[in-house]
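**Q** Protein sequence lines, in the order shown, are assigned to chains A, B, C and D. Sequential numbering of the first sequence, starting at 1, is according to the working numbering. Sequential numbering of the second sequence, starting at 1, is according to the working numbering. Sequential numbering of the third sequence, starting at 1, is according to the working numbering. Sequential numbering of the fourth sequence, starting at 1, is according to the working numbering. Before I ask anything, here is the structure I am working with.
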Amino acid sequence: MAPIGSFLALAAILFCIGLYGALTKRNIIIVLLSIELMLNAANLNLIAFSRLGVSANVAGQVFGLFSMTVAAAEVAVGLAILIALYRNRNSTDVRDMNLMKW
Amino acid sequence: MIAYAWLVPAIPLVAYLLLLALGRRVHEGVAAAIGVLATLISLVLSLMIFVDVAQGGGQLPYLWTWLTFGPGPGHTWQAGFEVNSLNALMLVVVSFVSTLVLLFSRGYMHGDPRFGVFYQYLLLFVFSMLGLVISPNFLQLYVFWELVGLCSYLLVGFWYEKPEAAAAAKKSFVVTRLGDVGLLAGIILLYLATGSFDYDDIARAIQTGGLQIHWIGPQGLATLGALLVFLGAAGKSAQFPLHVWLPDAMEGPTPVSALIHAATMVAAGVYLVARSFALFDASPVALDVVAYIGGITAILGAAIGLTQRDIKRVIAYSTISQLGYMMMGLGVAAYSAAVFHLFTHAFFKALLFLAAGSVIHAVDTQDLGRMGGLWRRMPVTASTFLFGALALSGVPPFAGFWSKDEILASTLAAGRPLLFALGMVAAFFTAFYIFRVFFLTFTGRYRGDRVPRESGWVMTLPLVLLALMALGAGWAGAPFTGYALERFLGEPSGASEAGAGPGVMAISTAVSLLGIGLAWLMYGERATSPEAWSRSLWPLYRLSFHKFYFDELYQAVIVRPAFALGKAFDWVDRRIIDGIVRLAAEATLAVASGVRRIQTGQVQTYGLITLLGIVALIAVSWSLLWGVRS
Amino acid sequence: MHVATLWVVLIPFAAGLISWLAPRDSRSLPRAAALLGSLVSAVLVGAMYLGYDRAAGGSQFAFSRPWFTVGDALADMPLTVTFGFGVDGLSLPLLALTAVVGFTAVWASKGIRNRTNEYYGWLMILLAGLYGVFASTDLFLLFFFLELILIPMYFLIGIWGGAERTKAAAKFLIYRGLSSIGIVVAFFGLAYLAGKIGGDMTLDVAALTRQLHGGAAAAQSAPVAGALFLLLLAAILVEEALVPFHTWLPFAHAQAPAPVNMILGGVVVKTGAYLFLRVAAGMMPAMVGRYAVLVAVIGVLNILWAGLIAFVQSDWRRLLAYTTISHMGIFLLAAASMTPAGLQGALFVAVSSGLLTALLFAGVGLIGERAGTVDMAGLGGLSKPMPYVSGLLLAGALGSLGLPGMGQFVGEVLSFSGSFSVFPRLSAFGIAGILLAAVYLLRAMQRTTFGPTPATKEHLRDGTVGEVLPMVLLLIAVIGVGVFPAVIGHTAGAALAALAAGIGG
Amino acid sequence: MNAVSSWFGGFIWTGQTVAFFLLAVLVVLAAVTLLQFRKVMHMALSIGLVFLGMAGMYVLLGADFLAFAQILIYAGAITILMLFAIMLTRHDEVEEEERAGFRQWIAGLGAAALGAVMLWAIRTTAWPPASAQPPWPAQKSVNALAETLFTGYVVPFELVSVLLTVALVGAVILARKEE
C-alpha cells in the first residue's frame, strides 16, 4: 500500500495546478474546469484520510460523497450562470465580468 | 397674626393665578377689581402684622424643610417666613404702594389690549416682592429676588413691539443679573462657611467666629461675602457702576416705574444690606465700599438728572441718587436712618412717578420741552407733584427732610466729611433738578399740541393719598415724635446713629432752598437763561447730558469684546475644531478613493491576491514559529 | 422578580413594532400606537417613581436573569452576563425625564407627514433604547441599549431632517460610535481589573460596584485604571457633546426635526451624564478624585466656551445646542466636586436641562413650522401673532438661564454649592456662565418675540391647544422640580450620598 | 527511483504502488496538458482523463462506491455538461495565445510556493504507518458506507438532496431565456 504521504502529495500537486489554471485562464469554462480539479484534489485528501489517516474511518467517504454532490450542484449552477452571462455579454472571457467592483 | 404672615404674599399669588386662568381677554374692571382687592387685603394684613410686631416684638421664623440632599446637618434647605420690625415695615410699604399703583393703573392702562396681562404681571410682582420681604434666609430671598427681576423684565418690556422697550427689558435683566451672580456666589460662600442660609444663623456665626472656609480666613470671608452680597444689592438698587439699567427701564408703563423702579424693587438692595447688616458690620472694608459707592451714586445720579429732557428719566436718576443716599447711610452704619429714608422715599418717589404718569397720560409725551403750564389744567396732579418735589428736596416739614438729614448727620458723626459734602452737593442738585421738572411742566406756557385734561379719580386718589404720606411719613421718625420709627426698628449691634442737630438741619434746608431758588430763576422766572449756563459749562453739561458716557463705555469695554470673543470662538469652533474633524473625514475619503482602485472587479485578481496573502501568512507564521519548534 | 421595569422597555418597543406594521403613510394608527405606548410606559415609570421605597434605597423593581456566560473568552475567568433591569435613586429621575420628554415628543410629532409608520416606529425604538439605558442593571445590557439608540437616531435625522440631514446623521453616528469604543473598553477593562482582584468577573452594576468598593478597591488605583478612566471620560465627553468633542451636536440639532431634537437634546445627550454618575463616579471614585481638577476645568471651559459662542448664533437650534453644552459644563463641574450637594446639583441640572431643552425645541419647532424659519434674522415680534407660544418659549428660556422656580435654578445652586467647596477659583469662572446664559437667551428672545412684528409674520396662527400641550406639560414638570425639589432630591439622595461617600473610602 | 522512494519515506514496491504511480503520472500529465491545450474542446476531454485517473485512485484507496460515483458524476455528467456548455457558447473558440505575463508569473510562483509548503508539510509530518487492512470490513466498503450514510448522516443526506433540487431549480431559472 502506498503511504498516505504520496496521495497527499499528488493531491497537493493537483490542487496547485488547478489553482494556477483558475487564476490565469481567460475562458470561464476553463476556470470552472480548474476549480473542479481543485475540488477533486480535496476529495482525494478526504478519501485518503478515510483509508489511511490517524483515525481511519468510513466517514471520510461520506464526506467525499457529499462534496461530490455539492460539486455537481455547483457545476450546474455555475454553468447556468455562464450561459446567462454569455447570453448577456456574448463572451466567456472572465475579464469582461468585472461588474463586481465599486 | 404673625403666624399668618404667609397670607400676605399668598393672596396676590392667588389673584395672579385667578387672572391667569381668566385669560387675556378678561374685562378691565374685573382684572382691576381682583388686583386692587387682593393688594388691599394684603395691606390690611400687613397693617395688622405691623401692629402685632409693634406690640409684641419679633418672633422666631416659621420654617419647614424644602430639600434634604445629604446626610447630616448643612445638607438641608429650609423655606418659611419670618416677621421682624424691619420686614413688617417693608410689608406695609410694599402693600400700600402696590394697592395705590394697581388702582392708578386702572386709569392709566385703560384701553390697552393687554390690560389683563398687565395686572397679572403686577400681581406676580407684588407676590414676589412681599415674598422677598418675609424670606427668612438668603436662598429664599434670592428666589424672590430673581422673581421680582423677572417681573421687572416682563413689565419693562410690556410694550414689546417698541424696540427700545425690548432692549431696555433685556438690559435691565442682564445688568441686575450681573449683580445677582455675585449675590449667588456670596450666598453660596456664606452657606459653605456656616452650613445655613439663614440670616440669623450667619449673624450668629459671625459673632462666634464660626465663619470660615479652609481657603480663606474669617475676616477675608466676611469681606468677600459682604462685597458679593453688596454686588447683588448694587445691581438691584442701581448703584454705580451698575446703575445704567434703571433709566432705560423707564420704557415700561409709568405705574411700573412707580411701583418697581422707585418704591419697592430697587429698594430691595437697600433692604438686603440692611437685613444682613451683621455681615457688613463684621467687615470695615465692606462698609467703606458701601458708603463710598453710595456717595458716588448719590452725586452721579443727581448730576445726570440735572440735564435730562425726559420727565421719567429725571425722576429715574433721582431714584438712583436717593438709593445712593440710603447705601451711604448703611455704609456709615446709620441703619435706621437708611431704612427710614427707604420708607419715606417709597412714598414720595412713587408719588412723583404717578404724578408724572398722570401728566404723561394727559399730554401723551415724556418730553419736558412739550409740556408747561399744566398747573391750571391739572391742579390735583400739579399740587401733589409739588408735595413730592418738596419732600424729595428735603424741605421741612416734608418727609424727605427728616430722613435725609438723619443720613447726612450720620456721615458727619461717623467722621466722613467727604461723604457729607457729596451728600450736600447732591441735595442741592436734587432740589434743582426736581424743581426744574416742576417749573417746566406746570408753569409757563403749554408747548404741547394735545389738550390736557385732569385724570379721573382712580388716578388722582392714589396721588392724594401718597401726597399725604409724602408730607407726613417723615414725622414718624422726626425728633418731635421721639424718633418713633427708629425705636420701632431697633438698632442691630454695631449700628451707630446720630440724630440730625439743628446745624445740619439748617444747612440742608438752606441748600435745598438754594436749589429751588436757582431752578425758579432759570425756569420759573426765566431771569437767567439755562442755555447760557449750559454753554459756559459745556464740558460738564455734555458729560451730564450723555450720562457720563457709561453706556458707550460698557458697549466698548464689555459688550463688543464679548461679542468679538464669541465670534472668535465660533470661528475656532467651526474652522478649527470642526475643521480637524472634517480633515480627518476628508483624509479618510481621499485614502479610500485611492484604495478603491485596487478593486478591479476581476475575480482572478482577487484570487491571486488572496493566494499571495495565504503564502505570506504562512511565511510569517512559519518564521515566527521557527524558534518555538526547534 | 418584578417585571414592571422590563415592561417599561418592552412597551415602547412593541408600540414601535405595531407602528412599523401599519400601512405606509397611514397617520392615525402609528401615532395612536406611539402615543399609547409612550403614555403607558410613562405611567409605569410614574408608578415606580411613587412606589420606590426611599427608605430602603438600592435597586428595586429588579428583574434579573442570568443571560449567558463566556467561559474564558476575555480573560482567565468566566464572565457572567445577566439580563437585568431595575431602578434606583439615580436612574429614576432620568427615567422620569425620558418618560416626560418621550411622551411630549411623540405628541409634538404631528407635523411629520411622510413615512409616518417608519417615523413612529423609529421614535418608539429610540425611546425603548433610552429606557433601557437607564433601567439596565448590567453594563453589558446598558451598552447594548446605548448602541441601540444610535440606529433610530441615525434614521430619524437622516430621513426626516433638513437639507444636510444625511451628513448630520453620519456625523452623529460616527461620533457616538467612536465613543462606544471607549465605553466598551472601559466597561470590560474595569470588570477585568475588579475580577482579577475580587475573584469574579461580573458586569452587574451592583456587584461590580460592590467589588470596587470592597475587596477589589485596589483595582481602582491600578495604573491602567487611570487610562481606563480617561478613556471613559473622553467617551462621556462625546456623549454629552462637550468641548472639544461637541461639534456634532449643533450640526445634528440644526438638521433634525423638532421632536427628534427634543429627545436628542433632552435625553440622548444626558446618557453621558448618567454614565458619569453611574460608572465614573460610582465605580471609580478614586479616579474621579485624582482627575477632579481636569474634569472641573473641562466643565468650566464648556460653560464659558459654549456660552460665548452662543452669543453669536442666529439659528435658534444651534443656540440651544450650545445652551445644552453649557449646561453639561455645569454638570461636569458639579459632579467633579463629588460632594453630596454637587452630585445632587449635577443630577438636577441633567434632568431640568433635559426638560427645558425639550421645551425650547418644542417651541422653536412650532415657530419654525409657522414662520418657515428658525433663524432670528428672519423672525421678530412674534409675541403679537403667537402670544402663547412666545410666552412658553420665554418661560423655557428663563428657566434655562436659571430662574428660580424651575429646576435649573435648584440645580445650579446645588452645583455651585458643591463646586465652590472644592474648586473656589474655577467655580468663580463657572458662575459667570450663568450671566452669559442670561445674555444670549434674552438676546435671542428679544430678536424673536419682541420688537415690531414684520408684515409677513402678522397673520401667523398661534399654537393650538394640542400643539402647545407638550410645552405646557414640560413647563409644569420643570416648575414642579423647581418648586418641590424634594421629588428628585429625596429619591436620589441615598444613591448620591453613597457616591459622595465613595471618594473617602 | 530510489530517490523517489526515499522521498516518500520507505516505499515497498508492490502492484498497488506501481498502479498508484502510473495513475499519478497520468493524472498529473492530463492536468498539465489540460492547461496547455489551446482548444477548449481538447481541454474538456483531458479533464475527463483526470477524472478517470482520480476514480482509479479511489479504487486503490478502497472506496469502491466513490470510484463509481466519480466516473458517473465527474467523468460522465460533469464532463458532458461542460461539453454542452462549450457547444452552447462559442465552441470553436481558441484560448488565445498569450505571452507569459506578469500575472502568470506571479500566479505560478504563488501556486508553486503554496505547493512547496504543502509538500514540505506532508514530508515533515510523521504519518501513521499505512495499515494493510482498510478500517472497514474487507470488501464491504459499500455496505459500510451505506450503513454510515443512512444512519448517522441521514439528515445531512436528505439536506444534500434538497440542495441538489434547489440547485437544479436555480440552474433552470438562471439559464432560462429572459422574456
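Where a beta carbon is used, it is the ideal one built from N, C-alpha and C, also for glycine. Every value quoted in this text rests on a predicted model; they were computed, and no experiment measured them.
(1) Report the option in Ile157(C), Gly189(C), Val288(C) whose CA atom is closest to the CA atom of Phe251(C).
(2) Would DSSP call Tyr62(B) helix, strand or coil?
(3) Alpha carbon to alpha carbon, how far is Gly423(B) from Ser512(B)? Give it in angstroms, no decimals.
(4) With DSSP as the reference, label Asp88(C) as helix, strand or coil.
(5) Note down, in chain order, each residue of its chain lying with its Cβ closer than 8 Å to the Cβ of Ala350(B), except the 5 sequence neighbours on either side.
(6) What residue from Gly324(B), Leu306(B), Pro417(B), Lys404(B) has the CA that sits closest to Gly474(B)'s CA?
(7) Where does Ser283(B) fall in DSSP's three states?
(8) So, for Gln70(D): in the same chain, excluding its five sequence neighbours on each side, which residues have a beta-carbon less than 7 Å away from its beta-carbon?
(9) From Leu60(B) to Val83(B), what distance separates their C-alpha atoms?
(10) Which partner residues does Ala79(B) have in the DSSP bridge list?
(11) Below 8 Å, can you find three or more Cβ-Cβ pairs linking the segment 408 to 419 of chain C to the segment 340 to 355 of chain C?
(12) Hey, does Asn98(A) have any beta-carbon neighbour from chain B nearer than 8 Å?
(13) From Leu79(A) to Arg95(A), what distance separates their C-alpha atoms?
(14) Taking 8 Å as the CB-CB limit, is Val603(B) close to chain A?
(15) Ile618(B) CB to nearest chain D CB: under 8 Å?
(16) Just curious, the alpha helix (DSSP H) that Phe361(C) is in, first and last residue?
(17) Which residue wins for smallest C-alpha separation from Leu114(D), given the options Leu65(A), Ile17(A), Ala48(A)?
(18) Anyone know if the C-beta pair for Gly394(B) and Thr344(B) falls short of 8 Å?
(19) Chain B partners of Val117(D), CB-CB under 7 Å?
(20) Do Ala337(B) and Ile407(B) count as a contact pair if the criterion is CB distance below 8 Å?
(21) Determine the DSSP secondary structure at Val269(C), reduced to helix, strand or coil.
(22) Under 8 Å between C-beta atoms, does Pro253(B) make it to chain C?
(23) Hey, out of Gly380(C), Ile325(C), Gly493(C), Ala500(C), whose CA is closest to Ala437(C)'s CA?
(24) Quick one: using the 10 Å Cβ neighbour count with 16 as the cut-off for buried, is Phe68(C) buried or exposed?
(25) Give me the DSSP bridge partner(s) of Met201(C).
(26) Would you list, in chain order, the members of the segment 64 to 89 of chain A that have their beta-carbon closer than 8 Å to a beta-carbon of chain D?
(27) With a CB to CB cut of under 6 Å and the five nearest residues on each side skipped, what residues in its chain are close to Met1(D)?
(28) One question on the structure: do Ser19(C) and Met124(C) come within less than 8 Å of each other, judged by their Cβ atoms?
(29) Which of the three DSSP states is assigned to Asn137(B) in this structure?
(30) Determine whether the Cβ of Val615(B) lies closer than 8 Å to any Cβ atom of chain D.
(31) Distance check for His75(B) and Tyr62(B), CA to CA, integer angstroms please.
(32) What are the start and end residues of each continuous beta strand (DSSP E) run of 3 or more residues lying completely inside the segment 516 to 561 of chain B, in chain order?
(33) Whose C-beta lies closer than 6 Å to the C-beta of Ala431(B) among residues of the same chain, with five residues either side of it excluded?
(34) Note down the Cα distance separating Met376(C) from Leu95(C), rounded to an integer number of angstroms.
(35) What three-state label does DSSP hand Trp248(C) in the structure shown?
(36) Pull up the CB-CB distance for Val40(D) and Asn27(A), whole angstroms please, since I reckon it's below 8 Å.
**A** Reading from the atomic positions:
(1) Check the Cα spacing between Phe251(C) and each of Ile157(C), Gly189(C), Val288(C): the tightest is with Ile157(C).
(2) Strand at Tyr62(B).
(3) Spanning the alpha carbons of Ser512(B) and Gly423(B) requires a straight line of approximately 12 Å.
(4) Three-state DSSP puts Asp88(C) in coil, outside helix and strand.
(5) Around Ala350(B): Val97, Leu100, Val101, Ala258, Leu259, Ala262, Ala263, Leu466.
(6) For the set Gly324(B), Leu306(B), Pro417(B), Lys404(B), the Cα lying nearest the Cα of Gly474(B) is the one of Lys404(B).
(7) Coil, per DSSP.
(8) Counting only residues of its own chain and dropping the five nearest sequence neighbours on each side, Gln70(D) has a CB closer than 7 Å to the CB of Phe51, Met54, Ala55, Tyr58.
(9) Whole-angstrom Cα-Cα distance: 8 Å.
(10) Bridge partners of Ala79(B): Trp64(B).
(11) With a cut-off of 8 Å, the segment 340 to 355 of chain C and the segment 408 to 419 of chain C count as touching, because enough Cβ pairs lie within range.
(12) Yes, its Cβ sits closer than 8 Å to a Cβ of chain B.
(13) The straight-line gap separating the alpha-carbon atoms of Leu79(A) and Arg95(A) is approximately 17 Å.
(14) Residue contact check for Val603(B) against chain A: a CB pair falls below 8 Å.
(15) Contact with chain D is found for Ile618(B), since one of that chain's Cβ atoms lies less than 8 Å from the residue's Cβ.
(16) Counting along the chain, the alpha helix (DSSP H) containing Phe361(C) begins and ends at 340 to 371.
(17) The option with the nearest alpha carbon to Leu114(D) is Ile17(A).
(18) Thr344(B) is positioned such that its CB atom lies no closer than 8 Å to that of Gly394(B).
(19) Identification of chain B residues near Val117(D) by a Cβ-Cβ cut-off of 7 Å yields Ile618, ordered along the chain.
(20) Contact: yes.
(21) Val269(C) falls in the coil class under three-state DSSP.
(22) Under the Cβ criterion of 8 Å, Pro253(B) is not counted among the residues facing chain C.
(23) Of the residues Gly380(C), Ile325(C), Gly493(C), Ala500(C), the one whose Cα lies closest to the Cα of Ala437(C) is Ile325(C).
(24) Within a 10 Å sphere around the beta-carbon of Phe68(C) sit fewer than 16 other beta-carbons, which makes this residue exposed.
(25) Answer by DSSP bridge pairing, in chain order: Leu79(C).
(26) From the segment 64 to 89 of chain A, only Gly64, Leu65, Phe66, Met68, Thr69, Val70, Ala71, Ala72, Ala73, Glu74, Val75, Ala76, Val77, Leu79, Ala80, Ile81, Leu82, Ile83, Ala84, Tyr86, Arg87 have a Cβ closer than 8 Å to chain D.
(27) For Met1(D), the predicted model reports a pLDDT of 47, less than 50, meaning its position is unreliable; a value from the coordinates is still stated below. A distance below 6 Å between beta-carbons, with the five flanking residues on each side excluded, links Met1(D) to no residue of its chain.
(28) For the 8 Å CB-CB criterion, Ser19(C) and Met124(C) form a contact.
(29) If DSSP states are grouped into helix, strand and coil, Asn137(B) belongs with the strands.
(30) Yes, Val615(B) lies at the interface with chain D (some Cβ there is under 8 Å from its Cβ).
(31) C-alpha separation (whole angstroms): 19 Å.
(32) Not a single unbroken stretch of the beta strand (DSSP E) spanning 3 or more residues falls wholly within the segment 516 to 561 of chain B.
(33) Around Ala431(B): Ser393, Ser512, Gly515, Ile516.
(34) Each residue's alpha carbon lies about 34 Å from the other.
(35) The answer is helix: DSSP assigns Trp248(C) an H, G or I state.
(36) Sure, about 6 Å apart at Cβ, within 8 Å.
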